[in-house]
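Q:
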């Protein structure tokens with residue numbers, strides 16, 4: 062057990078970090094491995110791979126994931142901003158390269174190949190974008206000589222245009238929603254909230270009119286008899302078969318018909334083998350992390366920290382909600398992973414970066430409070446080390 066009396070970087074980190082967030086994230090990672098034992102084998106067998114290929118790779122990816130979360134959580138606020146800015150610039154550049162030169166997978170160019178390894182740069186753009194946008198909004202709120210809101214307005218199209226070119230409308234929608242949430246928390250008037258909502262509806266209408274695959278997904282969602290609804294049908298059957306308590310680990314059969322049982326539809330596999338009760342528990346775990354983050358954001362007085370924590374928490378929660386909503390057929394298919402549960406190297410490492418940012422921002426940090434009043438005849442004084 063670490064003592065408060067010890068003054069080492071590790072003990073300082075342990076006593077200033079939010080251990081509730083750490084516990085929630087650790088529980089998600091363990092749950093992801095357990096659920097992947099059910100969702101991974103059918104896909105591996107179809108591809109001619111060893112039965113637990115995806116489980117073993119996921120466990121392998123968890124090692125750098127934990128290292129990144131802990132390493133990033135040691136950063137100061139200044140270094141968090143710098144790392145986010147560098148990651149955002151590099152990520153946007155790689156997204157442009159992927160749209161032009163990346164391999165075509167399922168009709169989109171979203172990946173960059175580095176030898177045998179593939180990287181999806183849009184995954185890394187998301188957490189970096191949130192911190193950069195929060196930085197711009199906070200500078201605009203605190204400094205009149207800084208056009209922060211204009212910069213925040215420019216950051217959005219710079220980020221989403223490369224994603225649209227790939228195309229990746231799921232990530233585009235997610236980033237835009239988080240940006241709108243940041244704009245609202247930064248003091249956006251309700252009039253502009255309505256305007257942004259209307260602009261979003263217009264964007265969906267344009268995509269539906271001119272993009273065939275978007276129109277196909279929406280039409281198939283609204284009318285299951287209008288086209289191929291294979292994945293949606295078997296996702297629904299998974300929950301029907303599992304009922305409340307599930308058919309048992311490894312005993313699911315509907316999962317064998319899902320091509321993405323280890324990624325996009327792992328929540329359906331969980332529903333079949335572990336039941337709706339465990340699925341509700343997983344929802345509660347995500348809700349705990351989100352509410353914990355928002356509670357910590359409310360406690361801080363620093364504008365940048367509050368905005369960044371809110372944005373990162375919103376990003377995490379919305380991604381989880383979209384994935385689960387697709388699995389229970391409340392939304393059209395988006396191709397979005399369930400954080401820390403779905404299989405994926407790029408997804409895990411990018412989530413590690415985002416959660417590392419979140420833990421770094423929510424740490425208790427010393428601050429200096431100036432004493433504006435002092436007894437007559439005494440020198441000016443400061444009180445340092447007050448913990449928020």
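Residue numbers (our numbering): 62 to 449. Every residue, glycine too, gets a C-beta built ideally from N, C-alpha and C.
#1: If residue 104 and residue 323 are in contact, beta carbons under 8 Å, what's the gap, nearest whole angstrom?
#2: Extract the residue ranges of the beta strand (DSSP E) inside the region 147-197, only unbroken runs of 3 or more that lie entirely within it.
#3: Pop quiz: residue 364 and residue 202 are said to be a contact at Cβ under 8 Å. What is the actual Cβ separation, rounded to whole angstroms?
#4: Compare the Cα-Cα distances from residue 99 to each of 135, 185, 294, 303 and report the closest residue.
#5: In terms of residue numbering, what span does the alpha helix (DSSP H) encompassing residue 315 cover?
#6: Jot down the residue ranges of each uninterrupted alpha helix (DSSP H) in the region 396-427, minimum 4 residues, whole runs only, in chain order.
#7: Within 10 angstroms of the Cβ of residue 142, are there 16 or more other Cβ atoms? Answer buried if so, exposed if not.
#8: Would you list, in sequence order, the uninterrupted alpha helix (DSSP H) runs of no fewer than 4 residues that lie entirely inside the region 289-362?
#9: For the pair the region 147-159 and the region 365-377, tell me if three or more CB-CB distances fall below 8 Å.
#10: Would you tell me roughly how many angstroms separate the C-alpha atoms of residue 113 and residue 328, rounded to the nearest one?
#11: Rounded to the nearest angstrom, what separates residue 122 and residue 155 at their Cα positions?
#12: Please classify residue 299: is it buried, with 16 or more other beta-carbons within 10 angstroms of its beta-carbon, or exposed?
#13: Starting from residue 96, trace the alpha helix (DSSP H) both ways and give me its first and last residue.
#14: Three-state secondary structure (DSSP) at residue 443?
#15: Where does residue 371 fall in DSSP's three states?
#16: Report the rounded CA-to-CA distance for residue 339 versus residue 351, giving the unit in angstroms.
#17: Just tell me which of 331, 373, 242 has its CA closest to the CA of residue 92.
#18: Helix, strand or coil for residue 142, going by three-state DSSP, please let me know.
#19: Tell me whether residue 174 is buried or exposed, calling it buried when 16 or more other Cβ atoms sit within 10 Å of its Cβ.
#20: Just confirm the distance between the C-beta atoms of residue 419 and residue 373, as a whole number of angstroms; I'd bet it's less than 8 Å.
#21: If you drop the 5 nearest sequence neighbours on each side, which residues of the same chain put their C-beta closer than 7 Å to that of residue 247?
A: In short:
#1: Within the chain shown, numbered from 1, the residue matching residue 104 stands at position 43. Within the chain shown, numbered from 1, the residue matching residue 323 stands at position 262. With a Cβ gap of about 5 Å, residue 104 and residue 323 count as contacting.
#2: Runs of the beta strand (DSSP E) inside the region 147-197: 173-175, 178-180.
#3: One-based indexing of the chain shown puts residue 364 at position 303. One-based indexing of the chain shown puts residue 202 at position 141. Indeed, because the Cβ distance is near 5 Å, the residues count as touching under 8 Å.
#4: As a first step, residue 99 is located in the chain shown; it is residue number 38 there, counting from the start. Nearest of 135, 185, 294, 303 to residue 99, Cα basis: 303.
#5: For this step, residue 315 is matched to residue 254 along the chain shown. Per DSSP, residue 315 is not a residue of any alpha helix (DSSP H), being assigned neither H nor E.
#6: Within the region 396-427, the complete alpha helix (DSSP H) segments of 4 residues or longer fall at 406-423, listed in chain order.
#7: Residue mapping note: residue 142 aligns to position 81 of the chain shown, counting from 1. With 16 or more other CB atoms across the displayed protein chains lying within 10 angstroms of its CB, residue 142 is buried.
#8: As far as the region 289-362 is concerned, its whole alpha helix (DSSP H) runs of at least 4 residues are 291-303, 327-360.
#9: No, because fewer than three Cβ pairs between the region 147-159 and the region 365-377 fall closer than 8 Å, the two stretches do not touch.
#10: Numbered from its first residue, the chain shown carries residue 113 at position 52. Numbered from its first residue, the chain shown carries residue 328 at position 267. In a straight line, the C-alpha of residue 113 is about 18 Å away from that of residue 328.
#11: On the chain shown, position 61 is the one that residue 122 refers to. On the chain shown, position 94 is the one that residue 155 refers to. Approximately 22 Å between the Cα atoms of the pair.
#12: On the chain shown, position 238 is the one that residue 299 refers to. With 16 or more Cβ atoms within 10 Å of its Cβ, residue 299 is classed as buried.
#13: Here residue 96 is taken as the residue at index 35 of the chain shown, counted from 1. Here the alpha helix (DSSP H) through residue 96 covers 80-107.
#14: Here residue 443 refers to the residue found at position 382 when the chain shown is read from its first residue. Confidence at residue 443 is low in this model, with a pLDDT of 40, below 50, so its placement is unreliable and no value can be given for it.
#15: Taking the first residue of the chain shown as position 1, residue 371 is located at position 310. Reduced to three states, the DSSP call for residue 371 is helix.
#16: Within the chain shown, residue 339 is the residue found at index 278, counting from 1. Within the chain shown, residue 351 is the residue found at index 290, counting from 1. If I take the Cα positions, the gap works out to 19 Å.
#17: For this step, residue 92 is matched to residue 31 along the chain shown. Just measuring C-alpha positions, the residue of 331, 373, 242 sitting nearest residue 92 is 331.
#18: As a working mapping, residue 142 is identified with position 81 in the chain shown. Here residue 142 sits in helix by DSSP.
#19: Residue mapping note: residue 174 aligns to position 113 of the chain shown, counting from 1. So residue 174 ends up on the exposed side.
#20: Sequence index remark: in the chain shown, residue 419 carries index 358 (1-based). Sequence index remark: in the chain shown, residue 373 carries index 312 (1-based). Their Cβ separation, rounded to whole angstroms, is 5 Å, which keeps residue 419 and residue 373 in contact under 8 Å.
#21: Along the chain shown, read from residue 1 onward, the residue named residue 247 stands at position 186. Taken in chain order, the residues that qualify are 198, 202, 368.
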